[in-house]
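Residue numbers (the numbering used here): 554 to 1305.
No residue lacks a Cβ here, since even glycine has one placed at the ideal position from N, Cα and C.
Each remark here refers to the structure printed beneath this line.
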Amino acid sequence: MKLEITFISDWHPGMGAGRPGDLDRLVRRDVEGLPCLSARTLVGMWRDAAEALAQALESNGQGGWLALINDLFGTQPALGGQGGRAPQPSLLRVDAPRLSGRLARVLAEVPILREGLTFAVPSVAIDSSTGAAAENKLFFTEMVRKGAVLSANAHLDLPRKYVRTAELFLAAAAEGIRAMGGKRRRGKGLCRVRVDDLECVDDLQSATDAFFDALPNLELPNIPGKRASSGASPASGLASGRPAWHGWRLGIRCLEPLCAWRRTTGNVEESYDHVPGTLLLGAVASRLEAAGHDVFSLLADGHLLMRSAMPSVSGRRGCPVPLAFFEDKFSNRLAQNLLEELPDGNASQWKQLRKGYVEPEPGDALRVVDVTVVQQVHNVIHDDLQRPDESLGGIYTRQAIPQGTQLQAEILLFGPPGAAESVEGILDGLGELRLGRATKADYGRVSLSREDWKPPVPEVRKDSRLVLWLVSPLLFRGPSLLPSIDPVHLEKELAQVLGVSVEFRPNRSIWRVIRRESWQRSWSLARPSLVGLAAGSVLTFHLQRDPQGSALTELAIRGIGERRGEGMGEIIVNPEWVDASPSHRSSSQQLGSPGRTPTAEDIEILQSSGLGRAVLMGVAMRAVERAVVCSKMHESFEKDGSASQIGALRSLVASAPVGQVAAKAKEWAIRKPRAKGKTFPHEAAQKEVQTLLAQKSFWACLAASSASSPWLMSETADEDTAMKRLRSEIYDEALRILLVDWCQRRQRGVEV
């Protein structure tokens, strides 16, 4: 289904934050800086409208519709005081509504037009006891101009025979949405919602009429509590040929913010800056099982490895920065490898690099890429109070990997060529997936692409050392089978894999300990904590003799430790940077383009829609106001004279109806004295006003005092048809602003 939301009044999609000293309530924006509506807001309003429709049907003796709402939108155990129970997931998935089309492209590319989408509205709180404005209660709210048309896609995970009923019901409920966003009970956010592109309905003129016409023949869905498994048996027929390691690299692009849940602190859901293999494994494993692969046996035998998705660095899969790299705390430039050398005595203080991702072979220049998670504020609205309430969750903040982030993951399979071909076909058909938390609205939509994978080929070092660079956390157990954080306990496992005895060297190793939490969603309980060595740690072992090259390759592919199937224990054996230090650290900041100025084509696109015209007029009037502030016309007139005549011009212009400003100004400029012997003062002012009545000289006057808007004030702008039409539309109001400003300055000069 496709939803189209048209706002017929100014609207405020709040983001729960402000800008100190400027705006107290900012609007939510997408990655391109355009105002957008939260999908959770849309789903909440859609559910309220669906509940109202279902209540009406239930009151007429048609039962089962309220149960359908729980199936489509999910259950709400917190409303019944059952907060400990896990909610039933919804079968409806909605993408975040966004501006789209040519208009959105122009607004995103031209900063000055993008700024014109919003404006500030002052408000004040009223003291209930006095009925007057309360002290220190003035605040400013950012509003989006009316006329915006947002589009979003909705998806239903239902058997096809029930799709028609659900689609007609949802489409009819959507027409009941009247307003969305902040201040919707004060006339803001009025909207119309239309559902198009229904799978089972060809032509939908009125969703409500279509629903009630088809109501007698609609079959309510009978959805089981759990979906039946496909019943596919392990694909033994796919196993043909000699087993070997096969690998694929997955390119992941975040189409929406992705919440890779890390932990919950208070009312903040924290997110990783990468995607752990656990989140990817569930999405891939379900498709492998459907194709007949015995995923459980593959994971138990260590023959299926789902590596974590790391940010891309120079087009390659990034690795956590080695903890052996240090840099000067004050210069923040030079990096030093303390695994091989002591700190430089000239450095005042060294600090460890603990954050960021680098290339597998950093080389001379250490390019560190940091992924800064974004934060978005959400709330849970109480149905009775119609405002956030702490009993249901209240206001909370969710962190997420930003939209547009490029990630790369790896999936490895040990099996025959036939199984590898089957997995490769499955990966090619993945397309888009939903990963992480809150995937039903606003978060988690990613696109996947398959890329080539090259197996690692580690080299045997001449100094009988084995250096392991941890790409992901390492979990292992000690002799008592309890979780351990002592790298000495890895000696036995490494000796078995390599076939030689090894000895840990703590003086040549740098590591840190981490604790990772997880959650059992179906039980609504926390899982046991996982304690191990952090990614980026560097461990050094001494080998009694050189192992076989194939043994090192097997170690580099399989990794070490527990839970390797979900991305743990990934290592790089004998990395190239061990014997060298990067000469410098390059910047990872990628500044966006400064944008461009509006062109004639942009103006034509904006004038073709109501929102575009409103934005264009708002931006043009702001440009005029800036030019007027910088104007120095009042300095060309004499200071003496009567202020009453200037006041008369100001009154005429300020009170003139729309479209009659120029006529009122002309009336003042050609006025003759009524009494004999009296002359109309300020002849220079009369001539100047008469000159400004000609549009060409008017814009030339503003151009002389404005350098901030050359696209509107330049001499060549009058030669373009679209720009000339825009100037004609705003000339009357621009003339009012200019003359009122000149009168105010002139009167102050006379009075002084």
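Sheet register partners of residue i (DSSP bridge)
i: Gln-1160; result: Partner(s): none; Gln-1160 has no beta bridge.
i: Lys-904; result: Glu-880
i: Asn-890; result: Phe-878
i: Val-1126; result: Leu-1021
i: Gln-961; result: Gly-804, Met-863
i: Glu-823; result: Arg-816
i: His-935; result: Paired residue(s): none; His-935 is not in a bridge.
i: Gln-1073; result: Leu-1078
i: Ile-1283; result: None; Ile-1283 has no bridge partner.
i: Tyr-910; result: Pro-873, Val-922
i: Ala-649; result: Ala-649 pairs with nothing; no bridge assigned.
i: Thr-671; result: Val-697
Residue i in three-state terms, based on DSSP
i: Gly-947; result: coil
i: Lys-699; result: coil
i: Gly-871; result: coil
i: Ala-570; result: coil
i: Asp-749; result: strand
i: His-1095; result: strand
i: Gln-928; result: strand
i: Glu-585; result: coil
i: Gln-1142; result: Its pLDDT being 45, under 50, Gln-1142 is placed unreliably by the model, and the measurement read from it follows with that caveat. The answer is coil: DSSP assigns Gln-1142 none of H, G, I, E or B.
i: Phe-1190; result: Any reading at Phe-1190 must be qualified, since the residue scores a pLDDT of 48, below 50, and its modelled position is unreliable; the value itself is stated next. Coil at Phe-1190, not helix or strand.
i: Thr-559; result: strand
i: Gly-734; result: coil
i: Asn-775; result: coil
i: Gly-1085; result: strand
i: Ile-1038; result: coil
i: Glu-728; result: coil
i: Thr-1152; result: coil
i: Ile-1290; result: helix
i: Met-554; result: coil
i: Val-1211; result: coil
i: Gln-615; result: coil
i: Arg-1299; result: helix
i: Thr-594; result: helix
Closest by C-alpha distance to residue i, when choosing among the options
i: Lys-908; options: Arg-1065, Ser-1208, Arg-1116; result: Arg-1065
i: Asp-583; options: Glu-695, Pro-573, Leu-808, Val-663; result: Leu-808
i: Trp-814; options: Val-828, Trp-801, Val-663; result: Val-828
i: Arg-578; options: Ala-609, Pro-1011, Thr-559, Gly-735; result: Gly-735
i: Ala-1215; options: Arg-1175, Cys-1254, Ala-1167, Ala-1287; result: Ala-1287
i: Val-674; options: Lys-741, Arg-655, Ala-661, Thr-718; result: Lys-741
i: Gly-968; options: Leu-857, Phe-722, Leu-610; result: Leu-857
i: Leu-723; options: Tyr-825, Glu-611, Leu-709, Leu-960; result: Leu-709
i: Ala-1361; options: Arg-816, Pro-640, Ala-687; result: The structure shown does not extend to residue 1361, since the chain is modelled only from 554 to 1305, so the question has no answer here.
i: Glu-963; options: Leu-1019, Asp-1099, Pro-1009; result: Pro-1009
i: Val-874; options: Gly-868, Gln-889, Ser-1037; result: Gln-889
i: Pro-1032; options: His-1042, Leu-1023, Val-1024, Ile-1038; result: His-1042
i: Met-1276; options: Trp-1252, Leu-1019, Cys-1296, Trp-798; result: Trp-1252
Opening and closing residue of the beta strand (DSSP E) in which residue i lies
i: Trp-798; result: 797-807
i: Met-918; result: Note on residue identity: the sequence assigns Ala, not Met, to residue 918. Run containing Ala-918: 918-920, per the beta strand (DSSP E) assignment.
i: Ser-1197; result: Careful: Ser-1197 lies outside any beta strand (DSSP E), inside the alpha helix (DSSP H) at 1196-1207.
i: Thr-683; result: That residue, Thr-683, is in no beta strand (DSSP E); it is neither H nor E in DSSP.
i: Val-580; result: Premise fails: Val-580 is in no beta strand (DSSP E) and is neither H nor E.
Boundaries of the alpha helix (DSSP H) in which residue i is found, first to last residue
i: Glu-1115; result: Run containing Glu-1115: none; DSSP gives neither H nor E here.
i: Arg-1014; result: It is not in any alpha helix (DSSP H) - Arg-1014 carries neither H nor E in the DSSP assignment.
i: Ala-1216; result: 1214-1222
i: Ser-975; result: 970-981
i: Leu-986; result: Run containing Leu-986: none in the alpha helix (DSSP H); it sits in the beta strand (DSSP E), 985-987.
i: Leu-1047; result: 1044-1051
i: Ala-991; result: No alpha helix (DSSP H) holds Ala-991; DSSP gives it neither H nor E.
i: Glu-842; result: 830-843
i: Pro-664; result: 664-668
i: Val-1055; result: Counting along the chain, Val-1055 falls outside any alpha helix (DSSP H), though it belongs to the beta strand (DSSP E) covering 1055-1057.
CB contact check: residue i to chain D, cutoff 7 Å
i: Lys-714; result: Among the chains in the structure shown there is no chain D, since it carries only a single protein chain.
Does the count of Cβ pairs from the segment 1114-1126 and the segment 1022-1030 closer than 8 Å reach three? yes
Counting pairs of beta carbons, one from the segment 712-731 and one from the segment 587-605, are three or more of them closer than 8 Å? Judged by Cβ distances under 8 Å, the segment 712-731 makes contact with the segment 587-605, as three or more pairs qualify.
Cβ pair count under 8 Å reaching 3, the segment 685-705 against the segment 558-574: yes
Any chance the segment 1162-1177 sits against the segment 642-660, with 3 or more Cβ pairs inside 8 Å? yes
The segment 923-930 contacting the segment 1071-1091, beta-carbon criterion three pairs below 8 Å: The answer is no - the segment 1071-1091 does not touch the segment 923-930, with fewer than three Cβ pairs under 8 Å.
Touching or not, the segment 1067-1081 and the segment 875-885, by the rule of three or more beta carbon pairs under 8 Å? no
Please confirm if the segment 982-992 is in contact with the segment 918-927, defined as three or more CB-CB distances below 8 Å between the two stretches. Here the segment 982-992 does not lie against the segment 918-927, with fewer than 3 beta-carbon pairs under 8 Å apart.
contact_flag[the segment 641-650, the segment 617-628] where n(CB pairs < 8 Å) is 3 or more: yes
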